[in-house]
Amino acid sequence: MSAQKHSSEQPQKSLNFGRGPNRFGGPIVKPKDRKGTIKRIWAYMKKQKTAMVLAIVLVFISTVLSLIGPYLIGVIMDEYIIPKDINGTIRMGGLLAAVYAGAALIAWLQSYVMVRVSLKTIQKMRQDLFDHFQRLSLRFFDRRTQGELMSRVTNDIENLNAALSQSVIQIFSSVLTIVGVIFAMLMLNWVLAIVTLIVIPMMFYATNKIITYSSSNFIKRQRDLGEMNGTVEEAISGLEVITLYGKEDAVFEKFSVENERLRKSAMMAEISSGFLGPVNNFINNLGLALVIFAGAILAINEMATIGIIAAFVTYARQFYRPINQMSNLINTFQSAIAGAERVFEIMDEKPDLESREGALEVDSFKGDVQLVHVSFGYEEEKPVLQNINFSVRAGETVALVGPTGSGKTTIINLLSRFYDVNVGEIKIDGRNIQDYHIRSLRSKIGIVLQETYLFSGTIMDNIRYGRLDASDEEVVNAAKLASADGFIKHLPAKYETRLEPGGGNLSQGQKQLIAIARAMLADSDILILDEATSSIDTRTEIEIQKGLATLTEGKTTFIIAHRLKTIEQADTIIVIKDGRMIEKGTHQQLLHQQGVYQNMHAQQFSM
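Numbering (full-length UniProt numbering), first residue to last: 1 to 607.
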């Protein structure tokens, strides 16, 4: 159950066709807490201790096998090739091939294990993010576009997935390889080992400079991507309005600007990070040249054998490769950490509304409702409601009428506790609604909105959404009460007709009939009808009123309506204007007052 988010009195996300500043505000900065973000990622990964331990063991075995290879190369050259021992060379060559084959197999296994760890980690993180979305209040979603939020659920998490599956175990493997190679080189020839290490400071300096420069570019790329996704979502959702007002060029221009901004930030991120490869390759080749030169001098002076020099060349490549990999992996993490931080930023959002400790769970409401000195604004400096006071007895029907933007839907949002009042209190059955558990409260309130949302699935599924344990017979009966059965039974698959996204293959009126059937099936204690019959023809509306009479019998009902004919039988009619309650009474009483209601009535029936 959700509130009508685009009521005229609520803050709306506008189609801003200008070239305004980044919606995140201010300059693009580095992650605020990189270490903290990494710790939170690790907190997810360490839940799979067995798989992580297995991956580490496999990395250790793979590293040991890869270190044995260069040593065997040196032994084969010195003890078999130079002495021209063909049989020994073949035998040792087979052993060398087996060692490298084993290393490759173990490397594949460790990759397989880490992919499983990564996917489970991402699955849990994505689930936690989605669950948190369900707990956040509407105020949070009022401030964000759907495209931006979708970008965090998809792009940002997928960037992290790529980094975890490819990078985490490789970093551990690289560190282990570096330590192992240094130890092996020192054991073979300490002079050549020192020569091999000479270029390392140069490599770390270059890597640090490049990564520092590219880090902010990756963050900016992610944020530009989220902003562009927001524009795409806005353009698709508002396509009808855009077309109606002929703003296609303006939307195209806005998208072009943001697309170009994304291109530039992505290019800067890729170009800046792209320096790593060429720079490190140059340093690697320089290191190899130094090793070969120093080895040649040592060999001439009989301080090293040809086999040792060959082993060192191989060890040097093994030594530089993980350093290069770590440089690239750290660079990949810039994008992943930036995305993870954006995900955790959402997870750290505190819901504006939460159930109090010890909140009451209720099985049903009697239905007495009271608003006491209620004032509210979506923004503190812009009040929408001011000092609203009225009481509704259980089973009564109350109609809220008034000009568009007067605050009618806001009253409904507050009653459903989609927002909390700024001043005053709302009571149900004599208790402040904040004393009830939020989910329990909302489960006893049924809402039919003017803007109906239908989920993917069948018509039967959508009506049953009102009460998931309802039988097919109960669903059909609810549809008959709502006068929806008439059009449903003429559809090719009847109640099993599958709906397009948002119910695109139904008219607005048909969607409202399904929404009314859904509310009838829910059988809530308090019923809210927000322009529920606005898109239905007069004849169908007359039929629905009969069903609504059955639905509202014995229930406290709130009706928001612009067509005054539909609320003449309400027990109480409340006129709201500019956020204030200016008139209250029955239909006849308000006509006799000759005030705002009488003027509204005269205008409608004189047309």
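Just so it is clear, CB atoms sit at the ideal spot from N, CA and C, and this is done for glycine as well.
Tell me, to the nearest whole angstrom, how far the beta carbon of Y315 is from that of P70; I am working on the premise that it is less than 8 Å. To locate residue 315, count along the sequence shown from 1; it is residue 315. To locate residue 70, count along the sequence shown from 1; it is residue 70. About 5 Å separates the two Cβ atoms, so the contact holds.
Put F376 into one of helix, strand or coil per three-state DSSP. Your numbering for residue 376 matches position 376 in the sequence shown. Strand at F376.
From E500, D224, F275, A55, pick the residue whose C-alpha is nearest to that of T212; which is it? In the sequence shown, residue 212 corresponds to position 212, counting from 1. T212 has its Cα closest to that of F275, out of E500, D224, F275, A55.
Closest to V153 by CA distance: which of R139, F172, F133, L138 is it? Taking the first residue of the sequence shown as position 1, residue 153 is located at position 153. The shortest C-alpha separation from V153 is found at F133.
Please confirm whether M460 and E496 have their CB atoms less than 8 Å apart. The count along the sequence shown starts at 1 and reaches residue 460 at position 460. The count along the sequence shown starts at 1 and reaches residue 496 at position 496. In this structure, E496 lies closer than 8 Å to M460 by Cβ.
Reduced DSSP secondary structure (H/G/I, E/B, other) of A163: Here the question's residue 163 lines up with position 163 in the sequence shown. Looking at A163 - three-state DSSP - the assignment turns out to be helix.
Just to confirm, does D472 get its C-beta within under 7 Å of one of the non-hydrogen atoms of the ligand NAD? No copy of the ligand NAD occurs in the structure displayed, which carries no ligand at all.
What does DSSP give as the partner residue(s) for D530 in the beta ladder? For the purposes of this step, residue 530 is taken as residue 530 along the sequence shown, with counting starting at 1. Looking at the DSSP assignment, D530 forms a beta bridge with I560.
According to DSSP, residues forming a beta bridge with K577: Indexing the sequence shown from 1 puts residue 577 at position 577. For K577, which the question treats as bridged, DSSP gives the partners R580.
Where DSSP assigns a beta bridge to Q370, which residues make up the other side? Taking the first residue of the sequence shown as 1, we reach residue 370 at position 370. Q370 is bridged to S391, K427.
Ignoring anything shorter than 4 residues or poking outside the stretch 95-151, list the alpha helix (DSSP H) runs there in chain order. 138-142, 146-151
Opening and closing residue of the beta strand (DSSP E) in which residue 628 lies: No statement about residue 628 is possible, as the shown extent of the chain runs from 1 to 607 and does not include it.
Could you tell me which of G367, G180, A103 sits nearest to K444, measuring between CA atoms? Locating residue 444 in the sequence shown gives position 444, counting from the first residue. K444 has its Cα closest to that of G367, out of G367, G180, A103.
For I308, which residues in the same chain have their Cβ closer than 8 Å to its Cβ, ignoring the five residues on either side in sequence? Numbered from 1 along the sequence shown, position 308 holds the residue referred to as residue 308. These residues qualify, in order along the chain: G74, D78, L188, N189, L192, G295.
Could you check whether V421 and F365 sit closer than 8 Å to each other, using their CB atoms as the reference points? Counting from 1 along the sequence shown, the entry for residue 365 is found at position 365. Counting from 1 along the sequence shown, the entry for residue 421 is found at position 421. No.
For the alpha helix (DSSP H) containing G446, name the first residue and the last one. Here residue 446 refers to the residue found at position 446 of the sequence shown. Under the DSSP assignment, G446 falls outside any alpha helix (DSSP H), being part of the beta strand (DSSP E) whose first and last residues are 445-448.
For the beta strand (DSSP E) that T410 lies in, which residues bound it at each end? Numbered from 1 along the sequence shown, position 410 holds the residue referred to as residue 410. That residue, T410, is in no beta strand (DSSP E); its alpha helix (DSSP H) goes 408-415.
I'd like the span of the beta strand (DSSP E) that includes T404, first residue to last. Along the sequence shown, one-based indexing puts residue 404 at 404. No beta strand (DSSP E) contains T404, which DSSP labels as neither H nor E.
Verify whether the separation of the beta carbon atoms of N155 and A336 is less than 8 Å. Walking along the sequence shown from the start, residue 155 turns up at place 155. Walking along the sequence shown from the start, residue 336 turns up at place 336. It is not a contact, given that the beta carbons lie outside the stated cut-off.
Could you name each continuous beta strand (DSSP E) segment of 3 residues or more that falls completely within the stretch 441-488, going from the start of the chain to the end? 445-448
With a Cβ-Cβ cutoff of 8 Å, do I82 and I300 count as a contact? For the purposes of this step, residue 82 is taken as residue 82 along the sequence shown, with counting starting at 1. For the purposes of this step, residue 300 is taken as residue 300 along the sequence shown, with counting starting at 1. No; because the gap between Cβ atoms is not below 8 Å, this pair is not in contact.
Status (buried if at least 16 other CB within 10 Å, exposed otherwise) for Y597: For this step, residue 597 is matched to residue 597 along the sequence shown. Buried is the label assigned to Y597, since at least 16 other Cβ atoms lie within 10 Å of its Cβ.
To which residues of the same chain is N217 closer than 6 Å at the C-beta, ignoring the five residues directly before and after it? Within the sequence shown, residue 217 is the residue found at index 217, counting from 1. Correct list, in chain order: M268, A269, S272.
Within 10 angstroms of the Cβ of M303, are there 16 or more other Cβ atoms? Answer buried if so, exposed if not. Translated into the one-based positions of the sequence shown, residue 303 becomes position 303. With fewer than 16 other Cβ atoms within 10 Å, it is exposed.
Any idea which residues DSSP pairs N432 with across the strands? Your numbering for residue 432 matches position 432 in the sequence shown. Per DSSP, K427.
Do you know how far the Cα of I56 is from the Cα of Q48? Counting from 1 along the sequence shown, the entry for residue 48 is found at position 48. Counting from 1 along the sequence shown, the entry for residue 56 is found at position 56. Between the alpha carbons of Q48 and I56 lies a distance of about 12 Å.
Any idea if P322 is buried or exposed, counting beta-carbon neighbours within 10 angstroms, 16 or more meaning buried? Here residue 322 corresponds to residue number 322 of the sequence shown, with the count starting at 1. So P322 counts as buried.
From the DSSP secondary-structure annotation, give me the bridge partner or partners of A399. Locating residue 399 in the sequence shown gives position 399, counting from the first residue. Beta-bridge analysis with DSSP links A399 to I559, I573.
Check whether the stretch 466-485 touches the stretch 389-409, taking contact to mean three or more Cβ pairs, one atom from each stretch, closer than 8 Å. no
For the candidate residues G102, N161, V59, whose alpha-carbon lies nearest to that of I41? As a first step, residue 41 is located in the sequence shown; it is residue number 41 there, counting from the start. Of the listed residues, the one whose Cα sits closest to I41 is N161.
Cβ-Cβ separation, N505 to L499 (assumed contact under 8 Å), whole Å: Position 499 of the sequence shown holds residue 499. Position 505 of the sequence shown holds residue 505. The pair is a contact, with the Cβ atoms about 6 Å apart (cut-off 8 Å).
Can you give me the start and stop residues for the alpha helix (DSSP H) that G230 sits inside? For the purposes of this step, residue 230 is identified with residue 230 of the sequence shown, where counting begins at 1. Counting along the chain, the alpha helix (DSSP H) containing G230 begins and ends at 200-237.
What separation, rounded to the nearest whole angstrom, lies between the Cα atoms of A266 and Y205? Here residue 266 is taken as the residue at index 266 of the sequence shown, counted from 1. Here residue 205 is taken as the residue at index 205 of the sequence shown, counted from 1. One C-alpha to the other measures close to 24 Å.
Excluding the five sequence neighbours on either side, which residues of its own chain have a C-beta within less than 8 Å of the C-beta of K555, listed in chain order? In the sequence shown, counting from the first residue as 1, residue 555 sits at position 555. Taken in chain order, the residues that qualify are G367, G395, S524, D525, I526, L527.
Endpoints, alpha helix (DSSP H) assigned at Y71: The sequence position of residue 71 within the sequence shown is 71, counting from 1. Y71 -> alpha helix (DSSP H) spans 49-76.
Buried/exposed call for G230, threshold 16 Cβ in 10 Å: Start at 1 with the first residue of the sequence shown, and residue 230 comes out as number 230. When all chains shown are included, G230 counts as buried.
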